[in-house]
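Working notes, beginning with the structure itself.
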Amino acid sequence: MAKQGKVYLIGAGPGDPGLLTLKAKHCLEIADVVVYDYLADPRIVAFSNKNAEMIYVGKQAANHAMSQWQINELLVKLANEGKIVARLKGGDPLVFGRGGEEAIELTKAGLPFEFVPGVTSAIAAAAYAGIGVTHRAVATSFAVVTGHEDPTKPESQINWSGLATSVDTLVFLMGVENIEKISKQLIANGRPAETPAAVVRWGTRPNQSTLITTLGEAAADVVRTGMKPPAIFVVGNVVNLRSQLQWFDNKPLFGKTVVVTRARAQASALTAKLEAEGARVIEVPAIKIVPPADTTAMDAAIADMCSYKWLILTSANGVDYFFEHLHAAGKDSRALCCTKVAAIGSATAKQLEKYGIKADLVPSEYKAEDLAEAMAGEITAGDKILLARAKVAREVLQNRLRELGATVDVVVAYETIADCENKDELIEALESGEASVVTFTSSSTVTNLLEVLGDKKDLLKKTALASIGPITGATLQKNGLEVAIEAKEYTINGLTEAILEYYAK
Numbered sequence: 032m033a034k035q036g037k038v039y040l041i042g043a044g045p046g047d048p049g050l051l052t053l054k055a056k057h058c059l060e061i062a063d064v065v066v067y068d069y070l071a072d073p074r075i076v077a078f079s080n081k082n083a084e085m086i087y088v089g090k091q092a093a094n095h096a097m098s099q100w101q102i103n104e105l106l107v108k109l110a111n112e113g114k115i116v117a118r119l120k121g122g123d124p125l126v127f128g129r130g131g132e133e134a135i136e137l138t139k140a141g142l143p144f145e146f147v148p149g150v151t152s153a154i155a156a157a158a159y160a161g162i163g164v165t166h167r168a169v170a171t172s173f174a175v176v177t178g179h180e181d182p183t184k185p186e187s188q189i190n191w192s193g194l195a196t197s198v199d200t201l202v203f204l205m206g207v208e209n210i211e212k213i214s215k216q217l218i219a220n221g222r223p224a225e226t227p228a229a230v231v232r233w234g235t236r237p238n239q240s241t242l243i244t245t246l247g248e249a250a251a252d253v254v255r256t257g258m259k260p261p262a263i264f265v266v267g268n269v270v271n272l273r274s275q276l277q278w279f280d281n282k283p284l285f286g287k288t289v290v291v292t293r294a295r296a297q298a299s300a301l302t303a304k305l306e307a308e309g310a311r312v313i314e315v316p317a318i319k320i321v322p323p324a325d326t327t328a329m330d331a332a333i334a335d336m337c338s339y340k341w342l343i344l345t346s347a348n349g350v351d352y353f354f355e356h357l358h359a360a361g362k363d364s365r366a367l368c369c370t371k372v373a374a375i376g377s378a379t380a381k382q383l384e385k386y387g388i389k390a391d392l393v394p395s396e397y398k399a400e401d402l403a404e405a406m407a408g409e410i411t412a413g414d415k416i417l418l419a420r421a422k423v424a425r426e427v428l429q430n431r432l433r434e435l436g437a438t439v440d441v442v443v444a445y446e447t448i449a450d451c452e453n454k455d456e457l458i459e460a461l462e463s464g465e466a467s468v469v470t471f472t473s474s475s476t477v478t479n480l481l482e483v484l485g486d487k488k489d490l491l492k493k494t495a496l497a498s499i500g501p502i503t504g505a506t507l508q509k510n511g512l513e514v515a516i517e518a519k520e521y522t523i524n525g526l527t528e529a530i531l532e533y534y535a536k
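Here's what the structure looks like:
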């Protein structure tokens, strides 16, 4: 029996990936095909099944990748082929999202569908601007109105005379380009020109901007400030409460754009911390972490694990790849029963705990020199030590331990290779001055990013450079770049704190 197709008409929400519903995420994970719009955040799209076919049908003002009738036909075609389709739309599929039109075409074709509601920008964008659409004793009703009616209709179907004065708060979606017409209609039908109003662009995102105005001045203020779509237009006395309810754009890094050069697999932790403080983050992975090409030495060391008094791990990546090799050899953490484990820092020690291992030694300062000093009192001549590290790394640690009489076997746990995504976005952000900070979490992120930028590397002199620690900072300085921010604790938390301190000053 042929597999029956189905279409999930999903609301992606207003922009903040954290506002996506659990059901929407599940539908993306099981879909054979994802048909997505312009307003769907890339991190939401990234929840899709890795084997899913991705089809972009984004529609911007006067720039449609695919017309609505073509989208309707596409959904019918895909479902008829027996595919599970995730139709991902910004906001909610039934709040001016044309989800109803798509569902009707599926019904005509006898194909099943489900609506998966999303958080609408009408409420969320206003809330992120510190504006509640209702508030006790201020507004007991609100209406959501399209600011862009179907242009094929002979006349407006909006009841302006009833709308203008019968509802406390009015929220117009997609109305920035028609804001003069909207304002004139409301004023002509009895809404006072001095009524508070707000325009919120890119609501719920780190690049959100909010214009506070009045109904009478809104059109002129939009032109003066250059406000562009996508934005909502809020009219009502609730706008006056922003001074008390403002929260999102009060965050310490709001309005700052931070470039994260960490490997894609590890970037999310730093990105999440920076965004929690209000920053807009551009992820430009300068490196990619990969297994070593030759695992002979690692395999031999693991086979003889009990001969080592100490295992030293110098990064969280090293921890993961070491245990990956260990498991591939048919062993687990019990293989370390005769071996003590040293971690270069708290992040590495925390990663070890995920494998049931508590580090026996962690230095107070997270550098190779400090780890060597801490181990000096723990080893005696002839002790055998296994150092699992990146292929390219400083030799300070093994040299010092050998001076103390230890036998040190150095094995490659992983390699870092150049892997710069979003290069064009980075160059644009640097050239425009939009990039506030560029972060570096290892010397390899420095050298690889400089290699990728080539003759444009001097653009880095136009922004603040943030280093996770003195070794990475020294690599920046060797390349003629000034370090503006350096973490006191050489961790992602420490780097975030250093950036916060920099702007607090």
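Count along the sequence shown starting at 1, add 31, and that's the number in the working numbering.
Even for Gly, the Cβ is constructed at its ideal location relative to N, Cα and C.
Coarse secondary structure for residue i, derived from DSSP in three states
| i | result |
| --- | --- |
| LEU418 | strand |
| TYR69 | coil |
| VAL150 | coil |
| ASP489 | helix |
| MET85 | strand |
| SER467 | coil |
| LEU137 | helix |
| TRP341 | strand |
| PRO143 | coil |
| ILE75 | helix |
| LEU204 | strand |
| GLU446 | strand |
| SER28 | A query on residue 28 cannot be resolved here, the shown segment of the chain reaching from 32 to 536 and no further. |
| LEU194 | helix |
| LEU392 | strand |
| VAL312 | strand |
| TYR397 | coil |
| TYR521 | coil |
Residue of the options minimising C-alpha distance to residue i
| i | options | result |
| --- | --- | --- |
| THR226 | THR302, LYS212, GLN239, THR200 | THR200 |
| GLU104 | TYR87, ALA249, LEU137 | LEU137 |
| THR494 | ALA460, THR506, GLN508 | ALA460 |
| HIS166 | VAL270, VAL393, ASP440, LYS385 | VAL270 |
| THR244 | LEU51, ALA224, VAL443, GLY500 | ALA224 |
| TYR521 | ALA347, ALA437, ILE416, GLU208 | ALA347 |
| GLN429 | LYS398, SER463, GLU84 | LYS398 |
| SER192 | ALA170, GLY221, ILE210 | GLY221 |
| GLN297 | GLU145, ALA332, GLU248, GLY349 | GLY349 |
| VAL468 | ALA412, ALA529, ARG420 | ALA529 |
| GLY44 | GLY113, VAL126, LEU357 | VAL126 |
| PRO237 | ALA156, GLU132, LYS139, GLU211 | ALA156 |
| GLN188 | PRO73, VAL514, GLY178 | GLY178 |
| PHE264 | GLU132, ALA324, VAL175, ALA317 | VAL175 |
| SER79 | CYS368, ALA117, THR256 | ALA117 |
| ILE502 | THR472, ALA515, LEU496, ASN190 | THR472 |
| VAL198 | LYS304, ALA419, PHE173 | PHE173 |
| PHE353 | LYS422, THR196, GLY131 | LYS422 |
| LEU392 | ARG425, ARG420, THR345 | THR345 |
| ALA380 | ARG365, THR235, ASP351 | ASP351 |
| LEU119 | PRO48, ARG273, GLY485 | PRO48 |
Cα-Cα separation, residue i to residue j
| i | j | result |
| --- | --- | --- |
| THR410 | VAL477 | Per the sequence shown, residue 410 should be read as Ile rather than Thr. One C-alpha to the other measures close to 34 Å. |
| LEU276 | ALA505 | 44 Å |
| LEU59 | ASP401 | 47 Å |
| GLY161 | VAL207 | 20 Å |
| ALA153 | LEU194 | 16 Å |
| GLU537 | LYS34 | One cannot answer for residue 537 here, as it falls past the ends of the chain, which runs 32 to 536. |
| ILE523 | ASP489 | 26 Å |
| GLY267 | TYR386 | 56 Å |
| MET329 | LEU383 | 18 Å |
| ILE416 | VAL315 | 36 Å |
| VAL312 | ASP280 | 15 Å |
| LEU51 | PRO260 | 22 Å |
| ARG74 | VAL372 | 36 Å |
| ALA300 | TYR69 | 26 Å |
| LEU484 | ALA424 | 23 Å |
| VAL38 | MET205 | 26 Å |
| GLY511 | THR470 | 16 Å |
| LEU531 | ALA331 | 45 Å |
Whole-number beta carbon distance between residue j and residue i, since they are thought to touch under 8 Å
| i | j | result |
| --- | --- | --- |
| ILE213 | PHE203 | 6 Å |
| GLY286 | GLY149 | That belief does not hold up - the Cβ atoms of GLY286 and GLY149 are roughly 27 Å apart, past 8 Å. |
| LEU432 | VAL443 | Between VAL443 and LEU432 the Cβ distance is about 18 Å, and since that is not below 8 Å, they are no contact. |
| ALA360 | ILE333 | 5 Å |
| ALA317 | ASN479 | 4 Å |
| PRO283 | TYR534 | 6 Å |
| ILE102 | GLU145 | Incorrect: roughly 17 Å between the Cβ atoms, too far for contact. |
Residue ranges of each alpha helix (DSSP H) within the segment 160-184, 4 or longer: Here no run is fully enclosed.
Runs of beta strand (DSSP E) lying entirely within the segment 225-271, each at least 3 residues, in chain order: Counting only runs of 3 or more, we get 227-232, 240-245, 262-266.
Could you name each continuous alpha helix (DSSP H) segment of 4 residues or more that falls completely within the segment 332-389, going from the start of the chain to the end? The segment 332-389 contains these whole alpha helix (DSSP H) runs: 347-359, 377-384.
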